[in-house]
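Student: First, the structure itself, so that you have it in front of you.
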Amino acid sequence: MSTGVQYAAPHLNTSRSAKGRPMERNLLFLAALYMLAGMTTLYLDAPGILAYQAPAAGLTVAAAFLLVHLYWKASGYKGDRFLLSITAVLVSTGLVFLFRLDPDYGMRQFIWILIGLGSLVLTTRLLVDFRFLSDYKYIYALVGLIILILPIFFGKEQGGAKSWLDFGLFQFQPSEFVKILVVLFLASFLSENKAVLTAGTRSLGWISLPGLQEWAPLVVMWGISLLLLVFQRDLGTALIYFGTFLAMVYAATARIFYVLFGLGLFVSGASVSYLLFGHVRERVLIWLNPWPFIDGIGYQITQSLFAIGSGGILGAGLNQGYPGYIPVVHSDLIFSAICEELGLLGGAGMIILFMFFVFRGTKIALHARDEFAALAAAGLTALLGLQAFIIIAGVTKLLPLTGVTLPFISYGGSSLVANFILLGLLLNISHESDDSL
Amino acid sequence: MKQNIKKLGIMIIGLLVVLIFYLSYLNVVRGSEITANPYNRRFQEYENQVRRGAIYDIEGNVLAETKISGDENKRVYPFGRDTAHLLGYISERYGRTGLESEYDRYLLGMEGADRVSNYFNRLLDKEQQGGEVTLTIDAYLQGIAMDMLEGRRGAIVLLDPGTGAIRVMASSPSFDPNILEDLWPQLITDDSSPLINRAVQGAYPPGSTFKIVTAAGILAVKPDYVDKTFYCPGYIEVNGYRLNDTAVHGEVNLSEAIAESCNTTFAQLGLDQGAQNFARTVNAFGIMKDPGIGITVRPGTMAASGNMIPTELASSAIGQGEMLVSPLHMALAAAAIANRGEIMRPYLVETVKDSRGETLQQGSARHWLSATTPEISGVIKKGMIDAVRIGTAKAAAVPGFQVAGKTGSAQNPHGQTHAWFIGFVPADQPSLAVAVIFENAGSGGAEAAPAAAHLLSAALNRDY
Numbered sequence: 001m002s003t004g005v006q007y008a009a010p011h012l013n014t015s016r017s018a019k020g021r022p023m024e025r026n027l028l029f030l031a032a033l034y035m036l037a038g039m040t041t042l043y044l045d046a047p048g049i050l051a052y053q054a055p056a057a058g059l060t061v062a063a064a065f066l067l068v069h070l071y072w073k074a075s076g077y078k079g080d081r082f083l084l085s086i087t088a089v090l091v092s093t094g095l096v097f098l099f100r101l102d103p104d105y106g107m108r109q110f111i112w113i114l115i116g117l118g119s120l121v122l123t124t125r126l127l128v129d130f131r132f133l134s135d136y137k138y139i140y141a142l143v144g145l146i147i148l149i150l151p152i153f154f155g156k157e158q159g160g161a162k163s164w165l166d167f168g169l170f171q172f173q174p175s176e177f178v179k180i181l182v183v184l185f186l187a188s189f190l191s192e193n194k195a196v197l198t199a200g201t202r203s204l205g206w207i208s209l210p211g212l213q214e215w216a217p218l219v220v221m222w223g224i225s226l227l228l229l230v231f232q233r234d235l236g237t238a239l240i241y242f243g244t245f246l247a248m249v250y251a252a253t254a255r256i257f258y259v260l261f262g263l264g265l266f267v268s269g270a271s272v273s274y275l276l277f278g279h280v281r282e283r284v285l286i287w288l289n290p291w292p293f294i295d296g297i298g299y300q301i302t303q304s305l306f307a308i309g310s311g312g313i314l315g316a317g318l319n320q321g322y323p324g325y326i327p328v329v330h331s332d333l334i335f336s337a338i339c340e341e342l343g344l345l346g347g348a349g350m351i352i353l354f355m356f357f358v359f360r361g362t363k364i365a366l367h368a369r370d371e372f373a374a375l376a377a378a379g380l381t382a383l384l385g386l387q388a389f390i391i392i393a394g395v396t397k398l399l400p401l402t403g404v405t406l407p408f409i410s411y412g413g414s415s416l417v418a419n420f421i422l423l424g425l426l427l428n429i430s431h432e433s434d435d436s437l
Numbered sequence: 438m439k440q441n442i443k444k445l446g447i448m449i450i451g452l453l454v455v456l457i458f459y460l461s462y463l464n465v466v467r468g469s470e471i472t473a474n475p476y477n478r479r480f481q482e483y484e485n486q487v488r489r490g491a492i493y494d495i496e497g498n499v500l501a502e503t504k505i506s507g508d509e510n511k512r513v514y515p516f517g518r519d520t521a522h523l524l525g526y527i528s529e530r531y532g533r534t535g536l537e538s539e540y541d542r543y544l545l546g547m548e549g550a551d552r553v554s555n556y557f558n559r560l561l562d563k564e565q566q567g568g569e570v571t572l573t574i575d576a577y578l579q580g581i582a583m584d585m586l587e588g589r590r591g592a593i594v595l596l597d598p599g600t601g602a603i604r605v606m607a608s609s610p611s612f613d614p615n616i617l618e619d620l621w622p623q624l625i626t627d628d629s630s631p632l633i634n635r636a637v638q639g640a641y642p643p644g645s646t647f648k649i650v651t652a653a654g655i656l657a658v659k660p661d662y663v664d665k666t667f668y669c670p671g672y673i674e675v676n677g678y679r680l681n682d683t684a685v686h687g688e689v690n691l692s693e694a695i696a697e698s699c700n701t702t703f704a705q706l707g708l709d710q711g712a713q714n715f716a717r718t719v720n721a722f723g724i725m726k727d728p729g730i731g732i733t734v735r736p737g738t739m740a741a742s743g744n745m746i747p748t749e750l751a752s753s754a755i756g757q758g759e760m761l762v763s764p765l766h767m768a769l770a771a772a773a774i775a776n777r778g779e780i781m782r783p784y785l786v787e788t789v790k791d792s793r794g795e796t797l798q799q800g801s802a803r804h805w806l807s808a809t810t811p812e813i814s815g816v817i818k819k820g821m822i823d824a825v826r827i828g829t830a831k832a833a834a835v836p837g838f839q840v841a842g843k844t845g846s847a848q849n850p851h852g853q854t855h856a857w858f859i860g861f862v863p864a865d866q867p868s869l870a871v872a873v874i875f876e877n878a879g880s881g882g883a884e885a886a887p888a889a890a891h892l893l894s895a896a897l898n899r900d901y
């Protein structure tokens, strides 16, 4: 295996040169094989002109991933060499299952994947000097907040959550993009105010607290989470926002007090909404015991459990199960379909891929050049990891089921493009770090 | 800060590790239990791919089998309405019930070695085979019981008190499961509720059959009552309410009170033991429990002992008031007296085998509850023998065997009394315990006792 041609890194003035990324290439080939195996199975099960779509889309996506790799190689990009291939396997799984569940969704996802890869390339090109983002934090925090609350007034309700904007041709879920802005804002804010937040400027008994100025933005975050929870009925997104927020505060200050205090606030907020809002009570009720409501509000989660339980260890085999019984299986509950057909091993495999992702993300954060970059990397990693955890825990009934997507796998343009941008930012942070990971 | 980030990363990876463990638990440990749900429509899908296994009675008669005609798998029940409630049905439109539903995973070849072989059969496009289930039921006796229930509403349960094996579980009115889809509209509008398995789901006042429980209760707290004499003037007054008896029994002892079914004495015995002791005995007999036989049993219900007023206690002691039980529970109460106070756990399934004949489950005699002591059950047995010999249950006698029994004529809001009989045979070495109820048929001695005798005699002839 050659080490490849050595390119100079155009974005850096250091004399260090980039490697040829042969690892990434080889792993992408494996991912392509994996995808083609799946698509071929689908094709053989139902050969026909229409069924050509699946292998064709699979080949195109595999090629597109390789193209991104080649572009990076040519431009001397030094971002992490594992994340793209991990993502490729996740995306491939999603695409194969969407074609299996409903070829219409498969075709649309196919387009979104190409757009997503385009955004990834743009992110690694245009935002490679991402540090300027730190300077305008209040501006885009404000912009983000406005986009976020738009759906409350103009939004469209879907699956019980009112978090979509309808543009006719396509629907747009602002919260998917705003979450990245939130991470960048917090990274910038926390790295600036870290000292004050850690030490505190006044003391309250044995706890030293910072002043109101430092507190306020954090309280605003708490408010936003509750806003999502109450007005958009988007419990999952609220949980992800708040979890990421706490994770970043902890990473920045190491003060477990903030985390506990934050959890306390969230729990009290959640309890109040439990008492005030029927839809929250309903969620908790069917989480504790969905079986008496199997005909109505408990239908979705019980169908999900049937699918997971039916899969066994090896699964029914691709295209051999009955995941069609699960409502919104193409989106939030796609993991249950994977478990039914690929079994425990397939499901655990997906989780392990997310673990790899979090592992690489954490490494990037540890090797980041400064605190802003480190916090941003940690935040983005936590965001993705928590989102995967929350939805998988939801469909297995470990946590109440909430409507969020499984990153890179579920159907959904907003989610897919946003996660590709997230990936791009993580890669940019690793690109500028001096250490070779 | 690096330390924190490291810890954060480890924590999130830890959360995902928890997910893997939980998913494994859900999939491997809980999987069978979760998916064996009538609402899981996958079973209906498997139905078309798998040759569903047969269900046999104890003699090897086919009770249910799948016949393949062309592309379609048809489930056939040779005994039709005789076994309809027991076996249940599997219908694409109307769901899955009974033993068919309970043993779905075995019948569809999803357990044991079938799990692996059918996995490959499916991949290779070969026919998948289901396992088979053999019941403790005797189809011949089941047929006799159904004949006696013909044109009536009611239920009959026959079981082996020494092992708990259920030989007959009949409920009427019934339906022909072979044409369920056609019958359905009329089944669900029929006022006599033919879909209900009265043997286990029925909620009946047990009437005087319940006196054997009341007797066990009083002897547990007041052993000297064995020799006590009671006086029955033909009525009893409780808190100013007068409960009338069917006759003036005069001076009776406990055995005679059972044989003559004296309401006055037993209402008094209920009051003498108190609500708490009474409730404790009822629980000891398993009346309030579902013994778990594979089909759902309605646990008995009664007024809570905490606020059971004396009139309610006196009524409950003679099986009236708020006391409601299923025929299976009363058969088990008779079995308790037959088996020296010990109740064996009732069961319906003798063996479960996979498609290659390998045994996966074997039904066996297992102890369930200690209802009362051998001494007390001996006293009650004597009263029950006398009831058949000289008392209210004479019609239950079987030539050549000594039957012990207790009749009941339970008052209810729907008209004539329910005719009850519970008992066992042979009295000295019981091998059969029975409960018969005919709804609104009149007196237990005249209606239920002869039917029981007929069934017991048929069973004895078959060497049970």
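These protein sequences, in sequence, are chains A and B. Position one of the first sequence corresponds to residue 1 (this note's numbering), numbered consecutively onward. Position one of the second sequence corresponds to residue 438 (this note's numbering), numbered consecutively onward. Virtual Cβ for every residue (Gly too), placed ideally from N, Cα, C. Note that the coordinates shown come from a computational prediction; the quantities given were computed from them, not determined experimentally.
1) Residues in the stretch 366-379 of chain A with C-beta within 7 Å of chain B's C-beta atoms, listed in sequence order?
2) Can you give me the Cβ contacts of Leu12/A inside the same chain, cut-off strictly under 6 Å, excluding the 5 residues immediately before and after it?
3) Have a look at Thr244/A, Ala31/A and Trp72/A and flag the residue whose alpha-carbon is nearest the alpha-carbon of Leu59/A.
4) Relative to chain B, which residues along the stretch 343-361 of chain A have a C-beta separation below 9 Å, given in chain order?
5) Cutting at 6 Å between CB atoms, please list the residues of its own chain near Thr600/B, excluding the five before and the five after it.
6) Flag Gln300/A as yes if its beta-carbon sits less than 8 Å from any beta-carbon of chain B, otherwise no.
7) Please report the residue range of the alpha helix (DSSP H) in which Phe266/A lies.
8) Check the Cβ of Gly446/B against every Cβ in chain A and list those closer than 9 Å, keeping chain order.
9) Output, in chain order, the set of chain B residues within a Cβ distance shorter than 9 Å of Phe389/A.
10) Where does His686/B fall in DSSP's three states?
11) Applying the 10 Å Cβ sphere with the 16-neighbour rule, what's the burial state of Lys511/B?
12) When you compare only the Cα positions, how much space is there between Asn700/B and Tyr668/B?
13) Is it buried or exposed for Trp215/A, if we count other Cβ within 10 angstroms and need 16 for buried?
14) Please go through the same chain and pick out, in chain order, the residues whose beta-carbon is closer than 8 Å to the beta-carbon of Glu282/A, but skip the five residues on each side of it.
15) Hey, how far is the Cα of Pro867/B from the Cα of Gly580/B?
16) Find the residues of chain B that neighbour Tyr325/A, judging by a C-beta separation of less than 7 Å, and give them in chain order.
17) Under 7 Å between beta-carbons, which chain B residues line up against Ser310/A? List them in chain order, please.
18) Taking a cut of 8 Å between CB atoms, which residues from the stretch 535-546 of chain B lie near chain A?
19) On the CB-based measure, 16 or more other CB atoms within 10 Å of its CB, does Gly729/B come out buried or exposed?
20) If you follow the beta strand (DSSP E) that Phe858/B is part of, which residue opens it and which one closes it?
21) If you run the structure through DSSP and keep just helix, strand and coil, what is Gly507/B?
22) Please confirm whether Leu398/A has its beta-carbon closer than 8 Å to some beta-carbon of chain B.
23) Taking beta-carbon pairs under 9 Å, can you tell me which members of the stretch 53-72 of chain A lie near chain B?
24) Give me the Cα-Cα distance between Gly315/A and Ile449/B, rounded to the nearest whole angstrom.
25) Quick check: Gly800/B and Tyr784/B, are their CB atoms within less than 8 Å of each other?
26) Mind checking if Tyr241/A is an interface residue toward chain B, Cβ cutoff 8 Å exclusive?
27) Indicate the three-state DSSP secondary structure (helix, strand or coil) for Leu595/B in the structure shown.
28) What are the start and end residues of the alpha helix (DSSP H) that includes Lys443/B?
29) Hey, does Leu426/A have any beta-carbon neighbour from chain B nearer than 8 Å?
30) Verify the CB distance criterion: does Asn510/B have a CB-CB separation below 8 Å to chain A?
31) With C-beta atoms as the reference, is Pro610/B less than 8 Å away from Ala847/B?
32) Distance cutoff 8 Å, beta carbons only. Does Gly468/B sit that close to anything in chain A?
33) Residues of the stretch 555-567 of chain B with a CB closer than 9 Å to any CB of chain A: list them in chain order, please.
34) Could you tell me whether the Cβ of Ile146/A comes closer than 8 Å to any Cβ of chain B?
35) Would Ser629/B count as contacting chain A if we go by Cβ distances under 8 Å?
36) Measuring only between beta-carbons, confirm whether Ile442/B sits less than 8 Å from chain A.
Tutor: Looking at the atomic coordinates:
1) Leu366, Glu371, Ala374 and Ala378
2) The count along the first sequence starts at 1 and reaches residue 12/A at position 12. A caution first: Leu12/A carries a pLDDT of 44, below 50, which makes its placement in the model unreliable, though a value can still be read off. Nothing meets the Cβ criterion.
3) Numbered from its first residue, the first sequence carries residue 59/A at position 59. Considering only alpha carbons, the answer is Ala31/A.
4) Gly343, Leu344, Gly347, Ala348, Ile351, Ile352, Phe354, Met355, Val358, Phe359 and Gly361
5) Mapped onto the second sequence, residue 600/B falls at position 163. Taken in chain order, the residues that qualify are Met781 and Ala802.
6) As a position in the first sequence, residue 300/A is number 300, starting the count at 1. Closer than 8 Å: no.
7) Locating residue 266/A in the first sequence gives position 266, where the first residue counts as 1. Counting along the chain, the alpha helix (DSSP H) containing Phe266/A begins and ends at Ile256 to Leu276.
8) If you number the second sequence from 1, residue 446/B lands on position 9. The answer, in chain order, is Val358, Phe359, Gly361, Thr362, Lys363, Ala365, Leu366, Ala378, Thr381, Ala382 and Gly385.
9) By 1-based counting over the first sequence, the position of residue 389/A is 389. Here the neighbours are Ile449, Leu452, Leu453, Val455 and Leu456.
10) Sequence index remark: in the second sequence, residue 686/B carries index 249 (1-based). Looking at His686/B - three-state DSSP - the assignment turns out to be coil, as it is neither helix nor strand.
11) One-based indexing of the second sequence puts residue 511/B at position 74. Exposed, because fewer than 16 other Cβ atoms sit within 10 Å of the Cβ of Lys511/B.
12) The residue labelled residue 700/B in the question sits at position 263 within the second sequence. The residue labelled residue 668/B in the question sits at position 231 within the second sequence. Cα-Cα distance, rounded: 11 Å.
13) Within the first sequence, residue 215/A is the residue found at index 215, counting from 1. Counting Cβ neighbours within 10 Å, Trp215/A comes out exposed, since fewer than 16 surround it.
14) Position 282 of the first sequence, counted from the start, is the residue given in the question as residue 282/A. Closer than 8 Å at the Cβ level, and outside the excluded window around Glu282/A, lie Ile297.
15) On the second sequence, residue 867/B is found 430 positions in, with the first residue counted as 1. On the second sequence, residue 580/B is found 143 positions in, with the first residue counted as 1. Roughly 23 Å between the two C-alpha positions.
16) Counted from its first residue, the first sequence places residue 325/A at position 325. Arg478, listed in chain order.
17) Sequence index remark: in the first sequence, residue 310/A carries index 310 (1-based). Chain B residues near Ser310/A: Thr472 and Arg479.
18) none
19) Stepping through the second sequence from its first residue, residue 729/B is reached at position 292. Gly729/B comes out exposed.
20) Along the second sequence, read from residue 1 onward, the residue named residue 858/B stands at position 421. Taken as a continuous stretch (DSSP letters only), the beta strand (DSSP E) holding Phe858/B covers Gly852 to Val862.
21) For the purposes of this step, residue 507/B is taken as residue 70 along the second sequence, with counting starting at 1. Correct three-state label for Gly507/B: coil.
22) What you label residue 398/A is simply residue 398 of the first sequence in a count that begins at 1. Yes, contact with chain B.
23) none
24) The sequence position of residue 315/A within the first sequence is 315, counting from 1. The sequence position of residue 449/B within the second sequence is 12, counting from 1. Distance between the alpha carbons of Gly315/A and Ile449/B is about 27 Å.
25) If you number the second sequence from 1, residue 800/B lands on position 363. If you number the second sequence from 1, residue 784/B lands on position 347. In this structure, Tyr784/B lies closer than 8 Å to Gly800/B by Cβ.
26) As a first step, residue 241/A is located in the first sequence; it is residue number 241 there, counting from the start. Answer no: the Cβ-Cβ gap between Tyr241/A and chain B never drops below 8 Å.
27) What you label residue 595/B is simply residue 158 of the second sequence in a count that begins at 1. Of the three classes helix, strand and coil, the one that applies to Leu595/B here is strand, per DSSP.
28) Counting from 1 along the second sequence, the entry for residue 443/B is found at position 6. Lys443/B -> alpha helix (DSSP H) spans Lys439 to Ser461.
29) Here the question's residue 426/A lines up with position 426 in the first sequence. For Leu426/A, the answer is no, since every Cβ of chain B falls outside 8 Å of its Cβ.
30) Taking the first residue of the second sequence as 1, we reach residue 510/B at position 73. Output row for Asn510/B: interface = no.
31) For the purposes of this step, residue 610/B is taken as the residue at position 173 of the second sequence. For the purposes of this step, residue 847/B is taken as the residue at position 410 of the second sequence. No. Outside cutoff.
32) Taking the first residue of the second sequence as position 1, residue 468/B is located at position 31. Yes, contact with chain A.
33) Tyr556, Arg559 and Leu560
34) Translated into positions along the first sequence, residue 146/A becomes position 146. Answer no: the Cβ-Cβ gap between Ile146/A and chain B never drops below 8 Å.
35) Position 192 of the second sequence holds residue 629/B. So, not an interface residue.
36) Counting from 1 along the second sequence, the entry for residue 442/B is found at position 5. Yes - at least one Cβ of chain A is within 8 Å of the one on Ile442/B.
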